[in-house]
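Numbered by our numbering, the letters in the sequence shown go through residues 5 to 290 in order. Don't be surprised by glycine CBs; every beta carbon is placed ideally from N, CA and C. All of these numbers come straight from a predicted model, not from anything done at the bench.
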Amino acid sequence: MAKITASVYTSHVPAIGAALDLGKTQEPYWQPVFQGYDFSKQWMKDNKPDVIFLVYNDHATAFSLDFIPTFAIGTAAEFQPADEGWGPRPVPKVIGHPELASHIAQSVIQQDFDLTIVNKMDVDHGLTVPLSLMCGQPEAWPCPVIPFAVNVVQYPVPSGQRCFNLGQAIRKAVESFDADLNVQIWGTGGMSHQLQGPRAGLINPEFDNAFLDKLIADPRAAAAIPHIDYVREAGSEGIELVMWLIARGAMADVAGGPAPKLAHRFYHVPASNTAVGHVILENQQA
Ligand code: DHB
Ligand code: FE
Numbered sequence: 005m006a007k008i009t010a011s012v013y014t015s016h017v018p019a020i021g022a023a024l025d026l027g028k029t030q031e032p033y034w035q036p037v038f039q040g041y042d043f044s045k046q047w048m049k050d051n052k053p054d055v056i057f058l059v060y061n062d063h064a065t066a067f068s069l070d071f072i073p074t075f076a077i078g079t080a081a082e083f084q085p086a087d088e089g090w091g092p093r094p095v096p097k098v099i100g101h102p103e104l105a106s107h108i109a110q111s112v113i114q115q116d117f118d119l120t121i122v123n124k125m126d127v128d129h130g131l132t133v134p135l136s137l138m139c140g141q142p143e144a145w146p147c148p149v150i151p152f153a154v155n156v157v158q159y160p161v162p163s164g165q166r167c168f169n170l171g172q173a174i175r176k177a178v179e180s181f182d183a184d185l186n187v188q189i190w191g192t193g194g195m196s197h198q199l200q201g202p203r204a205g206l207i208n209p210e211f212d213n214a215f216l217d218k219l220i221a222d223p224r225a226a227a228a229i230p231h232i233d234y235v236r237e238a239g240s241e242g243i244e245l246v247m248w249l250i251a252r253g254a255m256a257d258v259a260g261g262p263a264p265k266l267a268h269r270f271y272h273v274p275a276s277n278t279a280v281g282h283v284i285l286e287n288q289q290a
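This is the structure:
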């Protein structure tokens, strides 16, 4: 059977993608950001998954105010990097896994979560920047990726608790897929940032680090944070952090298994307008 071996959490700042694509990673501003991912790139090589289930948010690229799915699963065979206004990033296309994605859709919808099934969409920095941070600049991404888009842009957004519960349903879905696949689940976006209004530029390291502590050691407490607290404490775009709870909810300890191993934790301020946070958790054998 397929199983979830690890979860990865990382911010998705678009300027990080631009710094990579323009060869600026060693500049003094960017070097400390990318240094936080040196461990992770080696870890990816040492722990190569068969499939990545990548929870991210679209930024009015594939979707728009015309239609706003709360949870959308990409079931296509491939996904092109989107043109976000400066041309598509020069990164490989994303190869999907239609069989596993369809199975997860079937299982999770039957567990009472209403997913939108998306057979055609482009993927923006929300998905490509985490891949770049974790995998560098390869000719092709190391494995198929199932894009899972969450609406954290247009209110009302899903609560952290619902995201956490959804993660548990995704774990059950993966574990009932009849193939020996090593699946990683990634939760992306965050950490604190606000891009508009009088509080534009808000960053809150105390909130972010308390969130990381809870995410790692007490995920139920992290899941109980009401959405208004993210907005107040972590800024209007800090709400992206609820996506991390989908990945965390899919880990074995939440279903009564052993606590995960913390393989890596990193935090840096600032990158563009955003606090960058990054964690890797490995499931342990029961
Ligand atoms: C920035 C961060 C984001 O999450 C985003 O989607 C766009 C811009 C920023 O920090 O500039
Ligand atoms: Fe964003």
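Inter-residue CB distance, residue i and residue j (contact presumed, cutoff 8 Å)
i	j	result
serine 196	glycine 239	5 Å
threonine 192	glycine 130	7 Å
glycine 171	arginine 93	The Cβ separation is near 28 Å, so there is no contact.
tryptophan 316	isoleucine 99	Because the chain is modelled from 5 through 290, residue 316 falls outside the range shown and cannot be assessed.
leucine 266	leucine 245	Wrong, their Cβ atoms sit about 18 Å apart, outside the cutoff.
serine 11	glutamine 188	7 Å
phenylalanine 168	arginine 252	7 Å
leucine 119	phenylalanine 67	Between phenylalanine 67 and leucine 119 the Cβ distance is about 14 Å, and since that is not below 8 Å, they are no contact.
tyrosine 271	aspartate 222	Not quite, the Cβ-Cβ distance comes to about 18 Å (not below 8 Å), so this is no contact.
For residue i: DSSP bridge partner residues
i	result
glycine 78	Val122
tryptophan 190	Val12, Leu58
valine 283	Tyr13, Arg269
threonine 278	Ala275
phenylalanine 152	Val59, Ile77
aspartate 87	Pro92
valine 98	Phe83
lysine 7	Asn186
phenylalanine 71	Ser68
valine 127	Pro85
Check whether residue i and residue j have beta carbons under 8 Å apart
i	j	result
leucine 104	isoleucine 150	yes
aspartate 206	tryptophan 248	The identity of residue 206 in the sequence shown is leucine, whereas the question assumes aspartate. Taking 8 Å as the Cβ cut-off, leucine 206 and tryptophan 248 do not qualify as a contacting pair.
threonine 227	glycine 164	Before going further, note that residue 227 is alanine rather than threonine in the sequence given. A contact, by the Cβ cut-off of 8 Å.
valine 133	histidine 16	yes
threonine 79	valine 37	no
alanine 6	valine 273	no
leucine 58	phenylalanine 152	yes
proline 85	valine 127	yes
glutamine 115	alanine 173	yes
asparagine 277	methionine 255	no
isoleucine 250	valine 156	no
aspartate 54	leucine 185	yes
serine 111	lysine 176	yes
lysine 49	cysteine 147	no
tyrosine 60	valine 283	no
lysine 28	cysteine 139	no
alanine 109	alanine 275	no
Residue i burial status per 10 Å Cβ neighbour count (16 or more: buried)
i	result
tryptophan 190	buried
alanine 183	exposed
glutamine 158	exposed
proline 32	exposed
phenylalanine 71	exposed
isoleucine 232	exposed
glycine 40	buried
proline 343	With the chain represented from 5 up to 290, any question about residue 343 goes unanswered, as that position is not in the structure.
glutamine 198	buried
arginine 166	buried
glutamate 143	exposed
leucine 216	buried
alanine 81	exposed
glycine 91	exposed
glutamate 210	exposed
proline 264	buried
glycine 201	exposed
aspartate 62	buried
Contact with chain B by residue i, beta-carbon distance below 8 Å
i	result
alanine 238	As a matter of chain content, chain B is missing from the structure shown, which is built from one protein chain.
Q: List in chain order the residues whose CB is within less than 6 Å of at least one heavy atom of ligand 1.
A: His16, Val17, Pro18, Ala19, His63, His197, Leu199, Glu241, Ser276, Asn277, Thr278
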